[in-house]
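A short worksheet on the structure shown next.
Chains as they are written, first to last, in the numbering used here: chain A, 278 to 392; chain B, 13 to 126.
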């Protein structure tokens, strides 16, 4: 099976602009989660989608949003970019178990640089 | 809220040395515990997991045991290789209204010298 794919891999944007990142989960995986990785804050949860519904959201401002399509692909959007938004954005997919806990499989990430 | 604390890095070892990376957690309930590894320029790869107390996860020579009494999930390997150089993250799964998310430790950078 192909792994989680993210596009683009690298992105440079200017303060005030907006950006859209894309994630395609592993085939058959219906849950997609997004994480932000920075040297200062580490790995922080952004949001999780399942069946086109956001089920969980981390502690990020409203400038960060996302959505999921019927084929489970997901996009996240950041509006009015700030310098502090420079980070590696990681997408992870997982199957939904009948019960209990599940593994998340990560993509290679999109490196966003805001200048 | 739930949290994960890893030993401070960076950690530098010689090839074939014994590795321990400490991880402790604070959580309500009984989360699953994971170790992920990140190689330079890449995303996270799941290394191993444990879903209940006393479970031992293992993969590629790495092991970790879910210790409920000490709330720990230390990563060990008997003989490290240069190719093990990477950043290692301990994580727990947190459940909220049916949705789950991972809570990560700060990561430990491991360098293995030949």
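Here a beta-carbon is modelled for each residue, glycine too, at the ideal position from N, C-alpha and C. Note that the structure is a prediction, hence the values are computed from the model and not measured.
Quiz item: Since residue 18 of chain B is in the beta strand (DSSP E), which residue starts that stretch and which ends it?
Solution: Membership of residue 18 of chain B in the beta strand (DSSP E) is indicated by the continuous run 15-18.
Quiz item: For the putative contact between residue 62 of chain B and residue 42 of chain B, defined by C-beta atoms under 8 angstroms, what is the C-beta separation to the nearest angstrom?
Solution: Residue 42 of chain B and residue 62 of chain B do not touch by the CB rule: their CB atoms are close to 11 angstroms apart, not below 8 angstroms.
Practice problem: Run the CB neighbour count on residue 375 of chain A, radius 10 Å, all protein chains shown included, and call it buried at 16 or more, exposed below. | Solution: Residue confidence for residue 375 of chain A is low, a pLDDT of 44 falling below 50, so the modelled location carries little weight; the figure read from the coordinates is stated next. Answer is exposed; the Cβ neighbour count stays below 16.
Quiz prompt | Contact set between the region 21-40 of chain B and chain A, restricted to residues whose Cβ is under 8 angstroms from the partner | solution = Result list empty, no residue passes.
Quiz prompt | Reference residue 72 of chain B, options B/81, B/57, B/125 and B/82, closest by Cα | solution = Closest by C-alpha distance to residue 72 of chain B, out of B/81, B/57, B/125 and B/82, is B/57.
Quiz item: Looking only at C-alpha atoms, which of B/54, B/44 and B/94 sits nearest to residue 281 of chain A?
Solution: Selected option, being the one with the closest Cα: B/54.
Exercise. Taking all protein chains shown into account, decide if residue 289 of chain A is buried (16 or more other Cβ within 10 angstroms of its Cβ) or exposed.
Key: So residue 289 of chain A ends up on the exposed side.
Quiz item: Which bits of chain A does residue 85 of chain B rub up against, with CB to CB less than 7 angstroms?
Solution: Here the premise fails: no neighbours, minimum Cβ distance about 14 angstroms.
Practice problem: Report the partner residues of residue 88 of chain B according to the DSSP bridge assignment. | Solution: Paired residue(s): B/32 and B/75.
Quiz item: Unbroken alpha helix (DSSP H) runs of length 4 or more, entirely within the region 328-382 of chain A: which are they?
Solution: Those alpha helix (DSSP H) runs which fall completely within the region 328-382 of chain A and span 4+ residues do not exist here.
Quiz item: Span of the beta strand (DSSP E) holding residue 112 of chain B?
Solution: Residue 112 of chain B -> beta strand (DSSP E) spans 111-116.
Quiz prompt | At least 3 beta-carbon pairs within less than 8 angstroms: the region 329-343 of chain A vs the region 103-117 of chain B | solution = Counting Cβ pairs under 8 angstroms, three or more are found: they touch.
Practice problem: Report yes or no: is there a C-beta of chain A within less than 8 angstroms of the C-beta of residue 75 of chain B? | Solution: The beta-carbon of residue 75 of chain B is placed no less than 8 angstroms from the nearest beta-carbon of chain A.
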